[in-house]
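J.: Residue 656 in this note's numbering sits at position 71 of the sequence shown, with consecutive numbering throughout.
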Amino acid sequence: MPKPRTIIIGDAKTSVSLENEFWLALTEIAARERVTPRILAERIQAACSNANVTSALRVFIIAYYRVKANRHAAGQGADGEAVEAAIAAVRGLDEEEAAIMARRRHRGAEAGAP
586 MPKPRTIIIG DAKTSVSLEN EFWLALTEIA ARERVTPRIL AERIQAACSN
636 ANVTSALRVF IIAYYRVKAN RHAAGQGADG EAVEAAIAAV RGLDEEEAAI
686 MARRRHRGAE AGAP
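1. With a CB to CB cut of under 7 Å and the five nearest residues on each side skipped, what residues in its chain are close to A632?
2. Mark A654 as exposed unless 16 or more other C-beta atoms lie within 10 angstroms of its C-beta, in which case mark it buried.
3. Going by DSSP, what residues sit across from L603 in a beta bridge?
4. Nearest-angstrom Cα distance between R590 and V668?
5. Could you check where the alpha helix (DSSP H) with E627 kicks off and where it finishes?
6. Can you find the residues in the same chain that come closer than 6 Å, C-beta to C-beta, to L609, ignoring five residues on each side of it along the sequence?
7. Determine the direct distance from the alpha carbon of V644 to that of L603, and round the result to whole angstroms.
8. Return the CA-CA distance between P622 and R692, expressed in angstroms with no decimal places.
9. Spatial neighbours of I614 within its chain, please: C-beta separation below 6 Å, excluding the five flanking residues on both sides.
In structure tokens, the structure reads:
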């Protein structure tokens, strides 16, 4: 069950509800990349201005481990590309959220038109 926790992104406290396994994964990824979970969350948030932070964190974590698993299956060593690939996945989420918001605004404008 998701547990709400507070994380500081930039200068703002943000509440996110993630399952414990996602929190553990976030801290593991941060440790592997030699950054704090806060810095990692700030990078993820910077990649998405429209997406929900909780969704962005989940997408990032899944994308990160997918890249790692694919590199392992291909016999390639680990490198720093997993974070950048996962950030790109979050940007894709952000683009989807922006498109959804634009469609909602358009429908709202049509509903209010005489």
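Glycine is no exception: its CB is placed at the ideal position from the N, C-alpha and C atoms. Remember, it's a predicted structure, so these values are computed and weren't measured experimentally.
T.: So, from the data block:
1. Closer than 7 Å at the Cβ level, and outside the excluded window around A632, lie I672, V675, R676, D679.
2. Counting Cβ neighbours within 10 Å, A654 comes out exposed, since fewer than 16 surround it.
3. K588, per the DSSP bridge assignment.
4. Going from the Cα of R590 to the Cα of V668 covers about 23 Å.
5. That run of the alpha helix (DSSP H) goes 622-632.
6. Leaving aside the five residues that flank L609 on each side, none in its chain has a CB nearer than 6 Å to its CB.
7. Cα-Cα distance, rounded: 12 Å.
8. P622 and R692 have their C-alpha atoms spaced approximately 38 Å apart.
9. Here the set comprises Y649.
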